[in-house]
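Engineer:
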Amino acid sequence: MKEVKRILTLDHVEYGVLINALNQMRNGLIRQKRSTDVVDDLLLKTIDAPTEKTGKRKGRDSAR
């Protein structure tokens, strides 16, 4: 099956909500003594995801 890449754009609040939700899911699986492998992988992938800075930089080329 072909792997599909998806890109999410999140602000810092949405990023925090996502991390907390994944961590709560992981804790629930641990309490149920179920495997957390998939959630662990997704949590690490989310934490290690590269960031792209947005916004306008003021520099010599900016309009005055």
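Position one of the sequence shown corresponds to residue 5 (our numbering), numbered consecutively onward. Ideal Cβ placement from N, Cα and C applies to all residues, glycine included. In this text the structure is predicted, and so the values were computed from the model without any measurement.
Alpha carbons only, please: which of ILE34, GLU18 and GLU7 is nearest the one belonging to THR50?
Structural biologist: For THR50, the nearest C-alpha among the options comes from GLU18.
Engineer: The alpha helix (DSSP H) with ARG10 in it runs from where to where?
Structural biologist: Unbroken run through ARG10: none, as it is neither H nor E.
Engineer: Contact defined as beta carbons within less than 8 Å: I believe LEU14 pairs with ARG30. What is the distance between those atoms, to the nearest angstrom?
Structural biologist: With a Cβ gap of about 19 Å, LEU14 and ARG30 do not count as contacting.
Engineer: Looking at C-alpha atoms only, which residue of LEU12, ARG35 and LYS37 is the closest neighbour of GLU56?
Structural biologist: When each option's Cα is compared against that of GLU56, the closest is LEU12.
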